[in-house]
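>
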Amino acid sequence: MTDFSAAAATDATPIEPTLPDGWELVVGLEVHVELDTASKLFCGCANQFGSEPNTNICPICLGLPGSLPVMNERAVELAMTLGRALDCDVRRSVMARKNYFYPDMPKDFQTTQYDQPTNSDGRLVLGDGFVVGVERAHIEEDTGKSTHIGGGGRISDAQYSLVDYNRAGVPLVEIVSRPDMRTIEHAKAYVEELREILIATGVSDARMEEGSMRVDANVSVRPHGSDELRTRCEIKNINSVRSLGRAIEYEARRHIDLWTSGSAPDQETRHWDEEGGRTLPGRKKEDADDYRYFQEPDLVPLDPAPETVAAIDAAMPPLPSARRAALADATGADPASVALLVGRGQDELALAAIAAGADADKVVVRLVNDLAVDDWSKVTATALAELVEMESSGAISATQAKQILADMTERGGDPAILAAARGFEAMDTDELETLLDGLIADNPDEWARFTSGDDADHKKMQGFFTGQIMKATRGQADGKTVARLLAQRST
Amino acid sequence: MTARDIAAAVRSGDRSAVAVLEEHLDRIAARDEELHAFNLVTADAARAEAEAVDAAVAAGADPGPLAGVPIALKDNMCTRGIPTTCSSKILEGWCPPYDATVVRRLRAAGAIAVGKTNLDEFAMGSSTENSANGPTRNPHDTSRVPGGSSGGTAASVAAGFTPLGIGSDTGGSIRQPAAFCGVVGMKPTYGAVSRYGLIAFASSLDQIGPFAQDVADAAALFDVIAGHDPLDSTSIVDFEPVASDALGRGVDGLRIGVVRELSGGEGTVEGLSPDVLARTQEAVVALEAAGATIEDISVPSATLGLSAYYLVAPAEASSNLARYDGVRYGLRVDAPTTGEMNTASRTAGFGPEVKRRIMLGTYALSAGYYDAFYGKALKVRTMMLRDFAAAYEKVDVLITPTAPTTAFPLGERTADPMTMYVNDVCTIPSNLTGHPGISVPFGVGDDGLPVGVQVLAPALDDVLTFQVAAVLEAAGGPR
């Protein structure tokens with residue numbers, strides 16, 4: 000997850016690929032997320048990624064004859080939590096069967112929601128204030144996972160296929176946006192913001208690389224200024240936010256080429272080919288899909304009481320947008336740093352350290368630069384505040400602060416004790432002055448160049464004296480104190 | 000000997016469960032070759048269960064209210080490690096890794112499952128002729144069908160193979176064979192008995208229920224199998240009916256309605272035979288004599304039930320039966336691609352009636368046809384619920400014949416599905432509404448074969464159906 004946040008930070012000043020003049024991009028996204036429940040949607044099997052194939056299975060998730068589903072209440076609660084976080088209406092909903100044959104789908108129908116989803120008509124506000132409409136966020140079960148052996152990995156040409164049903168019946172929510180996005184950056188920002196909301200609310204761990212968050216993009220183009228919706232293609236198999244951007248750009252250019260040459264794209268599902276940097280058509284379907292949806296007779300409608308929805312609202316943790324605002328308010332830090340810390344979930348730590356009296360700028364710098372780790376649970380706000388205070392007072396150097404923070408991350412503990420353990424006794428200023436005076440006496444030429452040379456000479460000699468002091472003190476002197484003393488001596 | 004007598008004798012130690020079992024296994028051995036009630040007799044497993052019951056009695060424990068009573072299970076109830084076929088080739092060789100809730104409840108009550116009974120494939124039929132294993136014959140006249148789809152269970156109870164039997168009823172599949180075979184059969188309120196482990200035909204209509212030779216035995220069995228099950232989301236919470244206690248209450252002061260459209264009155268559906276209508280009328284007279292007040296009741300939409308049913312049931316079946324694709328269990332016919340393998344397996348595995356209903360149901364749910372067919376059928380269902388609710392404002396229970404005729408000859412109706420479907424015209428409404436219904440023998444037809452009369456009640460009034468049936472049984476005299 001840190002990779003993801005780091006990517007967000009480095010993309011802080013995005014360069015929007017420009018499409019040919021006169022064309023506008025239209026993007027809608029369908030995002031599937033696995034809910035972070037202990038068990039599957041309709042049975043007690045573990046909802047766990049990475050188990051041995053076909054070990055988390057039972058008659059229910061295998062769809063054996065006679066078995067019946069029972070709804071996982073926690074999954075419904077998480078789905079409604081996401082719905083409220085996306086400002087959706089949460090209403091009475093029913094499960095439906097989507098009928099089609101596929102070997103990794105045990106019942107040969109998927110239990111999902113159709114015309115009465117749990118969440119509808121919401122919105123997601125991006126960092127720059129752009130609003131993307133959310134049409135619906137509905138509950139459904141995941142399918143098993145097929146691996147096709149031979150024939151290039153496609154079921155049509157495979158020699159044989161292996162099916163792992165561990166994933167069958169894992170609870171999903173599919174979040175369907177409206178086709179509101181007009182730029183690649185907004186599409187990427189939507190996915191990033193959604194991901195942060197999912198993590199902040201505990202709805203999903205939203206790991207794209209493990210498939211617990213999967214993004215399909217509906218892409219079309221139209222002449223600038225038009226409000227028509229032209230033929231769209233659905234791009235699947237997108238494995239990262241970066242790929243999402245590449246896939247949308249490729250697909251948009253493909254559409255523009257087709258329209259410009261007097262042709263038109265077919266409405267179809269296409270697959271993103273990461274190595275080739277292109278989208279490829281999926282299997283052509285002979286007939287239009289007819290999933291013959293009907294209400295699932297084995298499950299009863301979900302009809303949350305108003306108090307249930309109110310309780311979900313009351314328990315809603317602060318959402319990333321509010322947390323960014325709070326951190327920016329408290330620190331005045333730049334948006335990229337703020338986004339990075341909220342993305343890492345370190346905003347609470349930062350605010351607590353500041354509340355404990357630490358310098359806000361230093362806290363932000365220390366965390367942004369030196370806490371890009373998965374587990375910082377041993378770093379307490381009090382300890383962080385103390386560390387930053389030691390650095391501010393010159394008791395330890397920036398380099399030392401960084402080393403002590405690493406120790407705190409690993410083992411926890413009090414920074415003063417950790418500093419002592421490393422031998423980072425605060426250098427006495429008197430000691431430093433004596434040392435400096437000795438150096439000046441031993442190196443009169445260098446001192447002359449420092450005091451009366453040109454700018455370049457001055458800088459070079461500052462480096463020389465500072466280096467000598469650091470060498471003599473084995474790096475324990477504070478660079479800023481040395482600079483201050485050098486300045487004092489030269490006037 | 001009734002199930003109650005057997006259980007009492009076994010519990011008191013007067014008779015051993017093993018001896019009871021052997022006596023019944025002997026009857027099966029003597030006559031089931033002719034009747035073919037069973038797809039499979041699990042004699043060894045039954046002996047082990049009977050020995051366990053005897054051991055419990057010897058140890059001073061109580062094996063339960065059905066201690067040592069042999070029981071027949073329709074072969075669409077999952078039994079752990081024992082083949083469960085739905086009388087279909089597509090499930091050939093499949094052994095469920097788990098027991099249906101009803102099977103667990105029976106074992107806990109001390110009943111001894113002796114085998115799996117024949118049915119119309121996936122419970123689709125009214126004669127038990129649509130079976131991959133061949134038909135079951137009616138014990139009263141082996142040239143006649145036993146009714147269906149629970150024909151095997153009905154025949155087992157009628158032939159004395161087992162005092163009790165378990166069936167499932169989606170459109171009359173317990174009540175109609177009970178009527179044809181001269182035994183008691185009851186379909187509980189939807190959700191009264193757990194469907195967990197019942198292989199689905201039409202999920203919103205399917206309900207498990209008891210078969211017995213008399214009303215009191217049927218009530219005793221009902222009391223064991225009814226009750227909430229967390230494994231079935233449609234199971235009714237806090238509903239623990241006890242029918243056995245209600246049997247002596249009589250019908251004095253009860254208001255009984257005769258459904259005009261299903262009992263020979265104005266606007267009656269076609270095909271109800273005069274002898275069956277005469278017995279129904281005699282039943283009404285008997286109830287009146289026992290103190291009930293009788294009313295002529297119109298339930299206009301009752302006649303629409305058949306049409307609605309043959310859209311709803313096949314639609315759900317088309318989805319429920321999709322899983323038999325040759326991938327994971329049951330029959331697989333190999334072919335070059337997965338899709339071709341699916342098709343080849345299903346083509347070879349399903350019989351013609353199942354295929355017909357899958358086609359019908361697929362069509363009824365298809366884009367462009369949904370509103371005209373499935374959607375409209377759902378509206379009829381709503382209408383029927385409203386009409387029956389209105390009827391139950393005026394009366395406590397309703398009376399109809401169970402089936403339009405007595406048992407018909409084998410082969411008579413297999414050529415024309417419509418004549419077969421009409422069999423269910425009186426039973427289907429309570430599946431569409433989810434209400435309980437019981438069929439109780441009441442005299443015989445002109446051909447000397449049993450006639451069944453049906454008692455219907457509002458949802459959750461299951462006990463009342465037994466109460467009224469007990470009065471009819473007493474009035475109907477020896478069969």
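For the record, the sequence lines run as chains A and B. Here the first sequence is numbered in numbering that gives the first Met the number 0, starting from 0 and rising by one per residue. Here the second sequence is numbered in numbering that gives the first Met the number 0, starting from 0 and rising by one per residue. Ideal placement from N, C-alpha and C gives every residue a C-beta, glycine not left out.
Could you give the first and the last residue of the continuous beta strand (DSSP E) run that contains D120 of chain A?
Taken as a continuous stretch (DSSP letters only), the beta strand (DSSP E) holding D120 of chain A covers N118 to V124.
> Would you kindly report the start and end of the unbroken beta strand (DSSP E) that includes I148 of chain A?
For I148 of chain A, the enclosing beta strand (DSSP E) begins and ends at K144 to I148.
> Below 8 Å between beta carbons: does that hold for G196 of chain B and V102 of chain B?
In this structure, G196 of chain B places its C-beta atom within 8 Å of the C-beta atom of V102 of chain B.
> Where do the N-terminal and C-terminal ends of the beta strand (DSSP E) with C232 of chain A fall, by residue?
C232 to I237
> With respect to the alpha helix (DSSP H) encompassing R365 of chain A, which residues constitute its N-terminal and C-terminal limits?
It spans A359 to D369 - the alpha helix (DSSP H) in which R365 of chain A sits, taken as one unbroken run.
> Along chain A, in chain order, which residues have C-beta atoms closer than 8 Å to that of N341 of chain B?
F100
> Between K106 of chain A and chain B, is there a C-beta pair that is closer than 8 Å?
Cβ-Cβ to chain B under 8 Å: yes for K106 of chain A.
> So L303 of chain B and F293 of chain A are in contact, right, with Cβ under 8 Å, and what is the actual spacing, rounded?
L303 of chain B to F293 of chain A, Cβ: 20 Å. No contact.
> For chain A, find out if any of its Cβ atoms is closer than 8 Å to the Cβ of C94 of chain B; answer yes or no.
By this cut-off, C94 of chain B is not an interface position.
> If A186 of chain A and A216 of chain A are in contact, beta carbons under 8 Å, what's the gap, nearest whole angstrom?
Yes, A186 of chain A and A216 of chain A are in contact; Cβ-Cβ is about 7 Å, under 8 Å.
> Using 8 Å as the limit for Cβ to Cβ distance, is R327 of chain B near chain A?
yes
> Starting from Y159 of chain A, follow its DSSP beta bridges and name the residues at the other end.
A:I148
> Considering only the alpha carbon of each residue, which of B:R355, B:F160 and B:T464 lies closest to A29 of chain B?
B:F160
> Determine the contact status of V250 of chain B and A291 of chain B, defining contact as a CB-CB distance below 8 Å.
yes
> Please list the residues of the segment 50-67 of chain A that have a C-beta atom closer than 8 Å to any C-beta atom in chain B, keeping them in chain order.
P58, L61, G62, L63, P64, G65, S66 and L67
> Between B:E265, B:A469, B:E32 and B:V182, which lies nearest to V450 of chain B when the distance is taken from Cα to Cα?
Cα-wise, what sits closest to V450 of chain B is B:V182.
> Under 6 Å Cβ to Cβ from V424 of chain B, same chain only, skipping five residues before and after it: list those, please.
V268 and L305
> Mind listing the chain B neighbours of V299 of chain A? Cutoff is C-beta to C-beta under 8 Å, in chain order.
S232 and T233
> Using beta-carbon positions only, say whether V220 of chain A and E23 of chain A come within less than 8 Å of one another.
yes
> Can you list, in chain order, the stretches of the alpha helix (DSSP H) that have 4 or more residues and sit fully within the segment 21-89 of chain A?
72-84
> Taking the beta carbon of A47 of chain B as the centre, do at least 16 other beta carbons fall within 10 Å, making it buried, or is it exposed?
exposed
> Does the beta-carbon of I395 of chain A have 16 or more other beta-carbons within 10 angstroms, so that it is buried, or is it exposed?
When all chains shown are included, I395 of chain A counts as buried.
> I need the straight-line Cα distance from P264 of chain A to V311 of chain B, nearest angstrom please.
40 Å
> Taking just the CA atoms, how far does A388 of chain B sit from S297 of chain B?
12 Å
> Helix, strand or coil for I296 of chain B per DSSP?
strand
> Taking just the CA atoms, how far does K97 of chain A sit from H137 of chain A?
K97 of chain A has its alpha-carbon roughly 13 Å from the corresponding atom of H137 of chain A.
> To the nearest angstrom, how far is it from the Cα of I468 of chain A to the Cα of T330 of chain A?
34 Å
> How many angstroms separate the CA atom of G264 of chain B from the CA atom of M340 of chain B?
53 Å
> When you compare only the Cα positions, how much space is there between F441 of chain B and T426 of chain B?
16 Å
> Who are the neighbours of P296 of chain A on chain E, taking C-beta pairs under 7 Å?
The structure shown contains no chain E; its protein chains are A and B.
> Taking one C-beta from the segment 369-385 of chain A and one from the segment 340-353 of chain A each time, how about it: are there three or more such pairs within less than 8 Å?
yes
> Could you give the residue range of the beta strand (DSSP E) that holds H137 of chain A?
V130 to E140 is the extent of the beta strand (DSSP E) around H137 of chain A.
> Any beta-carbon of chain A closer than 8 Å to the one on I498 of chain B?
Lying outside 0 to 478, the shown extent of chain B, residue 498 of chain B is not represented and no answer is given.
> Is there a Cβ of chain B sitting closer than 8 Å to that of V75 of chain A, yes or no?
no
> To which residues of the same chain is P416 of chain B closer than 8 Å at the C-beta, ignoring the five residues directly before and after it?
E352 and R355
> Since H227 of chain B contacts V236 of chain B with CB under 8 Å, what's their CB separation in whole angstroms?
For a cut-off of 8 Å, the C-beta gap from H227 of chain B to V236 of chain B is around 5 Å, short enough to register as a contact.
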